[in-house]
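Peer 1: I am attaching a structure below and will ask some questions about it afterwards.
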Amino acid sequence: MRRLLLALPLLAGLVAPPAAQAFPDRPISFVTGYAPGGSTDIAARILAERLGANLGNDARVVVENRPGAAGIVASEWLKRQAPDGHTIMLVESSSHAIAPAALVGGTRYDPVADYSHLGIIGTAPLILVVNKDFPARTAPEVLERLRSAPPETFAYATSGVGAIVHLAPEMLALDLKTRFVHVPYRSGGQMLTAIFQGEGQFGIAVLASAAAVGHMD
10 MRRLLLALPL LAGLVAPPAA QAFPDRPISF VTGYAPGGST DIAARILAER
60 LGANLGNDAR VVVENRPGAA GIVASEWLKR QAPDGHTIML VESSSHAIAP
110 AALVGGTRYD PVADYSHLGI IGTAPLILVV NKDFPARTAP EVLERLRSAP
160 PETFAYATSG VGAIVHLAPE MLALDLKTRF VHVPYRSGGQ MLTAIFQGEG
210 QFGIAVLASA AAVGHMD
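In this text, residue positions in the sequence shown follow this note's numbering: the first is 10, and each later residue adds one.
Here it is, written out as structure tokens:
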């Protein structure tokens, strides 16, 4: 299960001027840490459209893709932006829960102290997907093939190192007492396209991304 929440640079300590300008006074940058086509990008575009409509005053909310390291690159960039409310990021558990705890030395940002969090907007279920040439069709058959094959026989695709879809197959490998080959991409869309085209044999994907790409039997 993956969680999505909205965050922006820390606003604590800001004092509104006596004659505050109308907000927003320029386009709002709505950042996502993944390339176009994945579930996070799709969610960001839907939210950006709704946010612009709700703000009124001809507000423009522009989605900005800053892919890299499963959202870490974008999170580091967000920390350096002016805390004026004009930069928002759709973050997820990969960059704000898994990476700070799992990476040696942590991250160059504190996922709690360095941002103002607006709230959790939803959760996303995960699904096991395989390409059409995988030598099994049902979930029990797939797990048995993964378990019984020699280590590193099968390669799985992900949307990036440290993403929840990277952690999940590694947890599966531990449970099956085997090892897989990791093939990272830059978005959930690229990851799923690679699997369906045979570049990766399987993966654990966000259900919304898999449904959007299609090719699901």
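For each residue, glycine too, the CB sits at the ideal point set by N, CA and C.
Can you tell me whether GLU101 is buried or exposed, with buried defined as 16 or more other CB within 10 angstroms of its CB?
Peer 2: buried
Peer 1: Going straight from the alpha carbon of GLY80 to that of TYR43, what length do you get?
Peer 2: 6 Å
Peer 1: From what residue to what residue does the alpha helix (DSSP H) around SER157 run?
Peer 2: 148–157 is the span of the alpha helix (DSSP H), which, as asked, contains SER157.
Peer 1: Verify whether the separation of the beta carbon atoms of ALA197 and VAL174 is less than 9 Å.
Peer 2: Ala is not the amino acid found at residue 197; the sequence shown has Gly there. Yes, the pair counts as a contact, with Cβ atoms nearer than the cut-off.
Peer 1: Going by CA-CA distance only, name the one from VAL71, GLU85, ILE136 and ARG75 that's closest to LEU181.
Peer 2: ILE136
Peer 1: Excluding the 5 residues flanking ARG75 on each side, which residues of the same chain have their C-beta closer than 8 Å to its C-beta?
Peer 2: VAL40, THR41, GLY42, VAL82, ALA83 and TRP86
Peer 1: Alpha carbons only, please: which of PRO45, GLY115 and ILE97 is nearest the one belonging to GLY61?
Peer 2: ILE97
Peer 1: Measure the C-alpha to C-alpha separation of GLY22 and ALA122 and round it to an integer number of angstroms.
Peer 2: Low confidence applies here, because GLY22 scores a pLDDT of 41, under 50, leaving its location unreliable; read the following figure in that light. Cα to Cα, the separation comes out at about 13 Å.
Peer 1: For ILE37, which residues does DSSP report across the bridge?
Peer 2: ILE37 pairs with VAL70.
Peer 1: With respect to the alpha helix (DSSP H) encompassing GLY80, which residues constitute its N-terminal and C-terminal limits?
Peer 2: First-last for GLY80: undefined, no H or E at that position.
Peer 1: Does PHE211 come out as helix, strand or coil in the three-state DSSP assignment?
Peer 2: strand
Peer 1: Using a Cβ-Cβ cutoff of less than 6 Å, which residues in the same chain neighbour PRO36 once the five nearest sequence positions on both sides are dropped?
Peer 2: ARG69 and VAL71
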